[in-house]
Each structure stands twice: as C-alpha cells, then as structure tokens.
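Novice:
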Amino acid sequence: MRLSQQALFLRRFLPVVLVVVIGTWFYGHGKTGEQLAALKNQEVLSVGLGSASLLRHIQSIVGDLHFIADHLAVQKLARNPDSPEIGQVETMFMSLAKAKKVYDQVRWIDAGGQEIVRADLRDGQPILVPRKELQHKGDRYYFTEAMQQDAGHIYLSPLDLNIENGNIEVPYKPMLRLALPISDQQGAKRGIVIINYLGQAMLDRFVIDSSAEAHLALVDSAGYWLHSPDPADEWGFMFKDARRNLGSRFPASWARMKDYQGQFLDKNGLWTYQSVYPQLSGMLSGPQIASGAKAEYRWLVVSHLSHDELTALTEDGMPMHWFFSGALLLLSGLSIHSMLRTRLREHKSQERFRAIFDYAMVGIATISPEKTWLSVNPALCRILGYEAKELMQTDWQALSHPDDMEVDAKRMESVLRGDSDGYSMEKRFISKDGSIVHATISARAIRKTNGKVDFFVAIVEDISNWVLAENEWSSSVKTLQRFIDHLPGSAYIKAADSRILLANKGFQEQFGINPEDMLGRPSLEVFPGEFGQKIVADEARILATGITERIQDEWHGRVLESTKFAIPREDGTADLGGITIDITERRVTELRLSQQARRSAILLELPKIAEELSEKAFMQYALERAEELTRSVIGFMHFVNIDGLTIELVAWSTSTLQDYCTAAFDNHYPISEAGIWADAARQKQPIIINDYASAQNKHGLPSGHSALIRLLSIPVMEEGEVRMVTGVGNKTSDYTEFDVETVQLIGSETWRIVRRQRTEKALRLATQVVNASPVVCFRACCTEGWPLVFISDNVRQWGYTANQLIAAQPPVFDVIHPDDLPLMQNETTRYSTEGTSRFAQEYRLVTADGQVVWVLGRTTVRHDADGRPEFYDGVLTDITERKAQQLLMDEALAQQKKLNKRLEEANNQLMQSEKMASIGQLAAGVAHELNNPIGFVHSNLGTLDGYVHDLMDIITAYEALLGQEGEANPHAEEIRRLMEQRDFVFLKEDIFSLLAESKDGLGRVRKIVQDLKNFSRVGEQEWQEADLHQGIDSTLNIVWNELKYKAKVVKEYGQIPHVFCLISQLNQVFMNLLVNAGHAIERQGTITIRTSLHGNDKVCVEISDTGKGIAPEHINRIFEPFFTTKPVGKGTGLGLSLSYGIIKRHGGLIEVESTEGQGTTFRLLLPINPRQITETKDSETSS
C-alpha cells in the first residue's frame, strides 16, 4: 500500500516540477513584456488625462466667453456705449472674477480699443477698475488680432509669462489671453470680450490629473517647455535660451513628434505624446483636430521614460519569481499529498453541497467561462420564472438587463484574466414574463490546477421588494430635502433630545456650517455657549407646550427670527421643526426707512421754516435737526469765504453752547488756523473720525472747548468750490454713511435756501436799480427765436412792456431791425460755437411806434452742465444820439483822409522827383569833374606810348651796337647780366600790353562817365528829340552791376525814330523797370528788351523777365503809391507809381502782362511827337 502511494505521488509531482520550472522562465520574460505593455498603456492614459485636463480648462474659459458675449446686457452695451446696461456688465464681470478666482482680468473693449469695463483680480479679490482709470488698448497686438477674427471665433494668445514694466514678473506668472469679437445684427464688429487667465492653475491641475508628475511635460509648438519635471527647463523662449528646448536637447526624437499623437521607443527611451489645440477647443473633436488642424498653434503633452527607468520598472520582479517557484514546488508536493488524503472527504463534501444546492432559499448556479449554465438550483428557477430545462437552454448574459450587462461582463472578464477570484454586485435580470428582478449576486471562480477558470459558482438573492421600498423611501427623503432646501433661511427638524434629524442648505449660507455635518448632533454641540443653551431651552418649552412661537435672537451682530413648532408622532412623542430667517437687513431697513421719513419731513419743512425765521435762527434750527437725526450732541456751521482762505462761524447748536462748549471764538479767522474739522474744506470731501484720540492730524482744542470723541464734518460744494462746512460730533456710536448723507442733505439744502434768499434779496435791489437806469437787462434762451425769460421793466422807453416781450408779442426777431438781424444772428452763433463767453454788438431796434434806435448789446453766454449754451444774459444801452454824432464825424474823417491821401501822394511823388533830380545833378557834377582828369590821363597815355616806343628803338640800337663790339666793350658783360636779371625780354613785351590795357580801361571809364552824363541830362530838362536806344543803353550800363550776376540781357532793337520827350525822366522809367526785373529773378534768368514801331505815330518799348511773376490779386494795384510786393525794407512802393505818372505825362500808356511762376512783361507805348501834350505839360509846369 505504501509503495503504491509513493508511486502515485511521484506520478503527480514530477510533471508539476517540470511545468513550474519551464513556466517560471517563460512567465518571467512574458511578465516583462506584459509590464512594458502595461507601462505603455499607462503612459498613453497619463498623456490622455493631461490633454483632457488642458482642454477642460480651455473649454471652461471659452464657455465663460460665450456666456458673456451672449448676455443681453453686453449686446446692448455693444450697440450703445452709453447704455445703462453697463452696470449689469460690471456686476457680471465682478461675479465671474469672484467665482472663478483664476481670471486676472475680465474686460470689455470697444471697437476703437478703449476699455469700457474691466474687473481685476488683486490679492485674490475682484476689483472693479474706475472708469477714469480705464485705458486705451487699440495699439496692443492682442486687440488687433482679436478684431481680425471672424464672428464667433476665439482668439487665443500664446501661453507665456506676465511682463510688468518691461520685466518678467517674479515669481513667474503664466498668462493666457482669450478674446471673442462681438458683432451687431449687421455683422459690424463692436468690440471684444477678453479674459486674462492665470495659467498656473491649469498647469497644476494638468500635473495632478495626469498622475505622472515625475516624467510628464508640456511643450509649445516650437519645443519650449511650458511645464517640465525639472523647473529649470521651463520658459526658455521668454529668456531666448535655445538650450531649454526639447528639440535642441533630443532633436531626433522631436522630429518624430509631428503627428497628432503617438508612442515610440528610440535610443533616448520611451516617448508618448498627444497634441492639444487650444484654439480649437470646444469647436472640433479630437479626430477632427488630428486631421484638419495641423497648422494651428498647438501644445504637446509629452511623457518620457529613459531606458534605465524602463528597466527598473519592468524587470525588478524576476528574483522573486524564482523564489515563488520554489515555494510553489514545495506547496505542490504538500498539496498532492494532501489531495490524496482528502479525496474521500471531498466525496462526502460534494454530497452535502448537493443537498444545500437543491434546498437553498437563494439561487445558486454554476456557470462556464463561456457564460452558459452548467447547473441551476430550484430557487434560481423560481426567482427567474423558468423551469430548469428552459433555463439551461439560455445563458447568463441573455437574462441580464441591458444596462447592467456591460459592468457584469467586465467584472467576469477581470476574473477570467486572473485579476481577482470573484466579485459581488447588484444586478437586474429579465424574468420569463419580462418583469425586472433586482438581485444581489456573488460569483466565485473555481480554477483548474493550471490557474484557468474551470467554472463560476454564483449565488443570486432576490432583493426586488427591498429595492422598491428603498427607492420609495429615498424618493420621499429627497423630495423632503429638496423642499426644505428651497425654504428661505435655515430649516430643520430635531428630535426631542435636541438631535438634528434634517437640515437644509441654508445653514451653510447663514452660519457657515455644512448641513450634512450637523445630522445626528445635538444643538449644544453645533452651537456651544449661551446661544446654544437658549436654543435648547426655547425648544424644550415649545415641545412641552405644543405652542408655535416666533423668537428673535442676536448672533454675531445679526438679528435672527425663528418660527418653531412641534411635530407630533404616532407614538405620542413629538419632534421639533423650525425655520430661522436672517432679518438683520429688514431691521436695518425699517430703522433706515424711519430715519429717512423723518429726514424727508425735515427737508420738506426747511423752506417753510426759512420764511418764518431770520437767517441765523434758521441755520441754527437746521443744524439742530442734523444733530437730532445723527444722534449727536454738538453741531456747527461755517461759511467759507469766496477767497477760500478764511471762514465765518454762522451757527452753533443750542446744546453745544449750553452744555459742551464755553470757548471764546472769533467769527472770522483763517482756515489754516482751523482744527481737524476744517479738513473737509481743505480736502473737499467728508471727514469721518470715529476715534478722535488716535487721529493723526488733530490740531488741539482751545480752552473751554468740549472734548471730542467722534466727529463728522461735511463740505457743501458749489461749482467745484467749498461754500459751507457743516459738522456734528460726539455720537455714542460710530458715524455711518447714512449720517454722512443726512448731514450732506441738510447742509446742502440749508445753503441752497440761504443762497436763494440772499440772491432774491440782491435781485430785488438789482431790479430796482436796473429799472431806475436807462440800461435794459434781459435773459434769452439759446433756442430757436431766442425767447425771453426776463427783461427789465424799463423796456417801456421803447414802447413795450416786459410781459409782452416775454410772451413773444412781438417776437424778439421782429424787434431787431431786419437789416441787422442776419449779421447779429451769425455773429451770436459764431461766438457761441467758438466758446466765446462775452461779446459786444451794435445794432438797431424798432420801437413800438416804428422808430429806429441804435443799441450797444453786451452779452454773456451761460452754459449748462454739459457745456452747451443755455442762456444769453445781456444789457442794452441806447446809443442812438452817439451813433448820429459818430456818423457825422465818420463822414468828415473820411473826407479828410481822402484829401490827406491825395496830398501825401503828391508830396511823395514830388520828393521822389526832387530826389532823382538831385541824384541826376550829382551824377552830372561827378561826370563833369571826372571828365577833365580822364582827358588828361588819356592824352598823357598816348604821349607815354610814343615815348616808350622811342625808348625801345634806342635800346634796340644799343643792343645792335653792343653785338658788333662783342667782348671788346668792357661793360658788355655787366649789361647782359643786368638785362637777364631784370628779365628785359619779358619787360619789353609786357610794357606795351600794360599800356594797351590801361588805354582800354580808361576808354570804358570815359564811356561810363558819358553814359552817366547822358542819363542825368541835367541841362536837358526841356522837351527835345532823343534816341531811346541810347537812353536804354546808358541806363543798362548804370544798373549792370546789379543785373550781371543773375540775368542775361537780350536786346531786340527795332528801327524806331527819335522821340520828342523828357529823356532824363524816361531813363528813370527804364531804370525802375530793369531793377524790378532783376529783383523778380531769384537765381538765373533772362531780361529781354524789345523796341518797335506801333502804328505810324507811336513807338513800343517792352521789358520782359523770366522771374516769379505777379500774383493775380496784386496785378491791379501795382501802380498804386506805396504798394509793393517786396519784403519790408526792399522797396518804397513809389517806383512804378512815378513811372506811371511819367508815361502819362508823355501822353503814353504803360501796360503789364504777368504769369505767376513764369515772368512779367511791361509795355511802354509813347507817341513820337506829342506837341499838344508838351504844350499842356509846359503850361502846367509854369503854373
């Protein structure tokens, strides 16, 4: 028997040894491959999770952008920048920034680039930027690029680091800007909504969601790290550091990452990557992005495991595998030995299991790995409604509810893979009659010796009735919870022992306590201290009496009102129900409404009181009402003088003088000497001091002044200046904004009433003065027709009454003379448009009886708050008599000016003629005086020339004689040396050249002197025949020095006879025209002189230049005396006027033709023999 047991043991044990050894070897290598595959899958999952995290964040921001853009208030604001909806937009931006906590800025920028609304996140709190601090962003790249986007398309900036004042902000602040243009119904873009997103939150969440912090990175499309396991590698592009770039560090690996996603193994390790297209998030799905968005800006989520890391992760279990194999062999031997011993016991156990299987109250079945029934017990047949044979013809999955089939299949597949040996779950089956059976199943795998699943044992328990009851209970509880969650305030149900059974979400809002944390806890534990004790006492009393009560409590400065009642149970006991509402705002509102009602009553009665009291008594009354409403005990009022430097005490309250202050004050004193209360006037804003003792700028108090505890001082402003200061003090509690508003209203109303009373008094006096004066005062509206709203009664002097004119009977425009009305309207409109505030006009009025009077109107333009003209205030003075005298004086003055002008012209012409005559006499004298010496020199030069020739002949003879004698002459050598030293050959040739040049120069001087003599013709002041060509040449020779550097003179003389004339005067004309022509040529030009016959009795002289010409508007004035187009100091304006007179005296004409920019031609037409004119002129001369 022993031998057969050993043989049986060896037959079973030896194959096991062989299988375990071989299996361990294959398992080890297979496990490495499985771990590598699992690791690859894990890396793909981590990269996918990271990508999904990034897209969720971007889609969240895109969703917020679309929410803002689709909001009705934003649409209205886009259509109308002045829309009152701007307040709603500001509130929405603040709420969004507060809720999200990751938006650094939320802005609305109009189409011109101007910020309209902006909410900033500062220290974790949203701040609405004041409108005066909003900036123009039209030149920023993100505005320009966002406005270029199509409607509905999101603009997304690169993720980079925030830059402040040109430097990268430290610590680093990743920033992402997303913008969406908004269009109106016509498609015109009205602006953009833009969000500055704090990118660090997205990067932190990206790392957490991916669960691969140690080796996961995020890079941009250029390969720069936006997030890296090593922070030193990040943001290389911000620092222009190419080494901090994935492509630079691993160029071969980076080149393979061009697809949407992928995984590969190369010499650098295992790479897993997936693209993220933030600009397309929310618009395209992943496959669409992969296929159609290659050119878009992308991020790359990259996982990198080096070969060392792969080895450590996949092969670290091999030693343990061999250890477990040895242990398995030991256990196998023990198991085989034990199996042989327990076979008999198993047979008995199977019999017991069969009995349990057939008679169990729960369903039991055995199921094959292919999910078919192997055996089923009667209880399972009963639960599912099938006979055993019918049930065996189906399978496990066929009877499963479709919604549970996938979960059940996955768990069974997990067991089949060896991940576990069984599972339990709630599952629904479809019974034979089609009804749903709710069941709990517990499935256990029975494995073969090779570890594969042999079959499953499943236990099925019908829980349909329990599920139905639970659903009904859960539905009831949820309905009740939803009901109380929507009740106002905090709603709750408590047991008799004060334990909380049910609480709504109002506890979170009202007390900051999570309602789920309160369940089952007593009230004293939730609310310890006196507050909790009072709650317990109140609720015990209500449960004892059964009477519903309404109770008010104070909790941390809040007023709470609770309605509590008993809820009876069937067993005679009771629970307590209650609702607690925060009525603090209601109490404050009620108190505020009461105070406002009292304040309104006081403000309404102030005008009536002012009529009954003196000014000082009225101001004291108003001050005491401000003291009463603010519950203060001291009060004061000061006027601030118009200079803004001194103040006047006008009122103390009665209680201040009687009970609190005995100090002596001057009524007038400089504001610089005033105490802290005067800061309201200095700073032009309310001063609130609720702790005077710790105030930094207090000046001290005079002797006898009441001690200050609290102070409220309010300035009353008018046209930007402080006119009055109202103050109260020593309230028992802190001053509030309501107190500020109250004192401001009473102070402003008091000042308005006092100012109105003073103005009315002054107006009455002014009206009396005006009505007693001849000056008429008026006020007219700046509207069509200038309707009058006031005119003084003394308008009766013109036959009208004030009431008639105010009623437009007649209208204002009918009173103004019709000839003066258009000019007056135009001037008044121009003055108003130009912003002129004061102006004067003279015009005529038509009186009621039709007479015309002249008035001087002095007008002041009054503007409204928007700067538009509102009223014309003015005074009218009757200047009819002055105007008549002025008209007579103007006529006399005009006649006198005319005579003076004629006299001045004649005098200037006479002076110019005398000046030219004097110059001519001087020139003639100089020419005469020069003529004799020049004659002497000319004669002597001729004689000298003869002498020199004679000397040269003698020297030539000596040279010939010296040549004959040769060396025999003792002086020959000295003579030759001397001739060579003095360069006799050159002297002999040059001396005749010098004489010739001297004679030529002297001839030119004689010609100039003769021309000067001919030009002056001092002795020829009588009419005679003269050669005009000679006169022109002489004049040209005189002025040639002024012309030769910038003009070429061309003479085109024709055949003309001598002309009977005063040639000296014509020479003056020629000189004026030639000089003017030279002045008109700025650089190089041409002056052309032409002469010709004009008919049979006249000659024509033309002088043309190619200068700048004469402007058309000046051409008709060039012959006027003193008119000149030359710069100041360059001309007298008399040259052409005198020339015109000279030509006219000769009976001729002077004409001019000019083209601006091309040149001018003067044409002289002179009669050849003007005998009759000569006689006339001679008679005029003699007279």
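Just so it is clear: in the sequence shown, position 28 is 28 by my numbering, and no numbers are missing. Note that CB positions come from ideal geometry on N, CA and C, so glycine has one too. Here the structure is a predicted model, which means the values were calculated and not measured.
What's the call for Gly418, buried or exposed, on a 16-neighbour Cβ count within 10 Å?
Specialist: exposed
Novice: Count the other CB atoms, across all protein chains shown, that sit within 10 Å of the CB of Leu416; report buried if there are 16 or more and exposed otherwise.
Specialist: exposed
Novice: Can you give me the start and stop residues for the alpha helix (DSSP H) that Arg723 sits inside?
Specialist: Looking at the DSSP string, Arg723 is not in any alpha helix (DSSP H); the run it does join, the beta strand (DSSP E), is Glu721 to Gly729.
Novice: Quick one: grab the DSSP three-state call for Ser475.
Specialist: helix
Novice: Please name the residue, chosen from His304, Ser1139 and Arg625, that lies closest to Ile1063 on a Cα-to-Cα basis.
Specialist: The candidate whose alpha carbon is nearest that of Ile1063 is Ser1139.
Novice: Using alpha carbons as the reference points, say which of Lys173, Leu501 and Gln148 lies closest to Asp160.
Specialist: Lys173
Novice: Check whether the stretch 517 to 529 and the stretch 492 to 503 touch, using three or more Cβ-Cβ pairs below 8 Å as the test.
Specialist: yes
Novice: Can you tell which of Asp553, Glu370 and Phe813 has the C-alpha that lies nearest to the C-alpha of Arg844?
Specialist: Phe813
Novice: If you reduce the DSSP assignment to three classes, tell me which class Gln1055 lands in.
Specialist: Under the three-state reduction of DSSP, Gln1055 is assigned to coil, being neither helix nor strand.
Novice: Can you list, in chain order, the residues of its chain whose CB lies under 7 Å from that of Met94, leaving out five sequence neighbours each side?
Specialist: Ala119, Pro126 and Leu128
Novice: Just list the alpha helix (DSSP H) runs in the stretch 124 to 150, keeping only unbroken ones of 4 residues or longer that don't cross its boundaries, in chain order.
Specialist: 141 to 147
Novice: In angstroms, rounded to a whole number, what distance separates the CA positions of Pro1167 and Val1050?
Specialist: 24 Å
Novice: Which residues share a DSSP beta bridge with Val376?
Specialist: Ala365
Novice: Go through the stretch 529 to 586 residue by residue and report every complete run of the alpha helix (DSSP H) that reaches 4 residues or more, in order.
Specialist: 530 to 545
Novice: Taking the beta carbon of Phe556 as the centre, do at least 16 other beta carbons fall within 10 Å, making it buried, or is it exposed?
Specialist: First, the residue type needs correcting, since residue 556 is His and not Phe in the sequence shown. By the 10 Å Cβ count, His556 comes out exposed.
Novice: Note down the Cα distance separating Tyr359 from Ala388, rounded to an integer number of angstroms.
Specialist: 14 Å
Novice: Identify every run of the alpha helix (DSSP H) within the stretch 438 to 523, keeping only runs that are complete inside it and at least 4 residues long; order them along the chain.
Specialist: 464 to 485, 506 to 511 and 515 to 518
Novice: Let me know the secondary structure DSSP gives Lys898 once reduced to three states.
Specialist: helix
Novice: Considering only residues of the stretch 595 to 637, which uninterrupted alpha helix (DSSP H) runs meet the minimum length of 4 residues and lie entirely inside it, listed in chain order?
Specialist: Listed in chain order, they are 615 to 629.
Novice: Just mark Phe483 as buried or exposed, buried being the case when its beta carbon has 16 or more other beta carbons within 10 Å.
Specialist: exposed
Novice: Let me make sure I understand the geometry here. Which of Val1101, Pro1170, Asn1169 and His1146 has the alpha-carbon closest to that of Val1152?
Specialist: Looking at the Cα atoms, Val1101 is the closest of the given residues.
Novice: Could you give the first and the last residue of the continuous alpha helix (DSSP H) run that contains Ala222?
Specialist: Neither: Ala222 is in no alpha helix (DSSP H) and is coded neither H nor E.
Novice: Which of the three DSSP states is assigned to Ser1092 in this structure?
Specialist: strand
Novice: Helix, strand or coil: how does DSSP classify Ile1081 here?
Specialist: coil
Novice: From what residue to what residue does the alpha helix (DSSP H) around Leu1028 run?
Specialist: Leu1028 to Leu1043
Novice: Which residues does DSSP list as the beta-bridge partners of Ser110?
Specialist: In the sequence on display, residue 110 carries Asp and not Ser. Bridge partners of Asp110: Gly191.
Novice: Specify the secondary structure class of Pro84 as computed by DSSP and reduced to three states.
Specialist: In the three-state scheme derived from DSSP, where H, G and I count as helix and E and B as strand, Pro84 is classed as coil.
Novice: Can you look up Met257 in the DSSP assignment and give me helix, strand or coil?
Specialist: coil
Novice: Considering just the uninterrupted stretch of the beta strand (DSSP E) at Arg858, what are its terminal residues?
Specialist: Val852 to His863
Novice: Which one of Leu1066, Leu1036 and Asp404 has the shortest CA to CA distance from Ile1142?
Specialist: Leu1066
Novice: Using beta-carbon positions only, say whether Leu156 and His215 come within less than 7 Å of one another.
Specialist: No.
Novice: Have a look at the DSSP bridge pairing and note the partners of Asn245.
Specialist: Tyr224
Novice: Got a sec, what are the start and stop residues for the alpha helix (DSSP H) Glu1156 sits in?
Specialist: Taken as a continuous stretch (DSSP letters only), Glu1156 belongs to no alpha helix (DSSP H), as it is neither H nor E.
Novice: For Phe1070, does the three-state DSSP call read helix, strand or coil?
Specialist: helix
Novice: Would you list the residues sitting across from Asn196 in a DSSP beta bridge?
Specialist: Gln105 and Arg177
Novice: Can you list, in chain order, the residues of its chain whose CB lies under 6 Å from that of Leu344, leaving out five sequence neighbours each side?
Specialist: For Leu344, the predicted structure reports a pLDDT of 44, less than 50, and the residue's modelled location is therefore unreliable. The matter cannot be settled from this model.
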